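What follows is a set of notes on a single structure, which appears directly below.
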């Protein structure tokens with residue numbers, strides 16, 4: 001793994017990014033052959049590393065008028081609520097199908113290994129909301145692309161890891177992506 005380039009972050013303390021990168025474990029052949037799963041849960045085993053990750057995201061978005069932090073199920077939920085709390089913004093969960101009660105908006109997207117859908121409550125996003133969309137990683141860009149169609153002004157997509165070889169940024173068009181750790 002390499003550290004993200006200037007197009008992903010500016011002036012990041014490499015010591016913090018190095019600690020985050022070291023906490024990520026790669027599991028080849030999971031969830032199926034040909035896929036390498038990048039597991040971020042090691043970040044949470046060391047509170048100082050979790051603090052590093054949250055701190056880098058909060059530093060990036062503080063003072064940018066972010067009113068909504070959307071977290072993508074499941075691993076986006078690890079980061080997004082804490083970022084939202086630190087920014088004084090609301091948290092909106094983007095869930096897998098049939099996990100939210102009541103009326104929902106639903107979007108289909110493609111994965112590295114199939115297709116899926118995400119849903120959110122109708123009314124969770126207001127017309128003037130400025131949002132960041134948070135997930136653990138960007139691979140194909142399908143989940144983030146579906147999330148950006150929800151209606152808010154998407155300021156940026158924020159991820160811990162980018163799997164560059166899957167070219168997920170391309171699906172997002174002009175929406176910027178901020179990542180802490182890139183893989184080749």
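In UniProt numbering, the protein residues as written are 1 to 184.
The beta carbon of each residue, even a glycine, is placed where N, CA and C say it ideally should be.
Note that the structure is predicted; figures quoted are calculated from it, not measured.
Going by alpha carbons, who is nearest to residue i out of the options?
i           : options            : result
residue 79  : 53, 94 and 125     : 53
residue 72  : 181, 134 and 83    : 134
residue 70  : 61, 162, 20 and 81 : 81
residue 88  : 47, 99 and 61      : 61
residue 110 : 28, 99, 21 and 166 : 166
Below 8 Å on the Cβ atoms is my guess for residue i versus residue j; work out the distance and round it to an integer in Å.
i           : j           : result
residue 39  : residue 24  : 7 Å
residue 132 : residue 66  : 6 Å
residue 168 : residue 138 : 4 Å
Hey, would you say residue i sits closer than 8 Å to residue j, going by beta carbons?
i           : j           : result
residue 125 : residue 92  : yes
residue 68  : residue 152 : yes
residue 44  : residue 83  : no
residue 64  : residue 160 : no
residue 76  : residue 136 : yes
Decide if residue i is buried, meaning its Cβ has at least 16 other Cβ atoms within 10 Å, or exposed.
i          : result
residue 32 : exposed
residue 74 : exposed
residue 49 : buried
residue 6  : Low local confidence applies: a pLDDT of 41 at residue 6 is under 50, so the model's placement there is unreliable, and no value is given.
Residues in its own chain within less than 6 Å of residue i by CB, not counting five upstream and five downstream?
i           : result
residue 30  : 37
residue 117 : 97, 106 and 108
residue 26  : 36 and 38
residue 95  : 73 and 119
residue 103 : 122
residue 162 : 138, 179 and 182
residue 28  : 36
Might you give, ordered along the chain, the residues of its own chain that have their beta carbon closer than 7 Å to the beta carbon of residue i, omitting 5 neighbours on each side?
i           : result
residue 164 : 182, 183 and 184
residue 204 : Nothing can be reported for residue 204: it is not among the residues displayed for the chain, which extend from 1 to 184.
residue 19  : 49 and 52
residue 86  : 54 and 58
Grab me the residues of residue i's own chain with a C-beta within less than 8 Å of its C-beta, minus the 5 sequence neighbours each way, in chain order.
i          : result
residue 99 : 73 and 119
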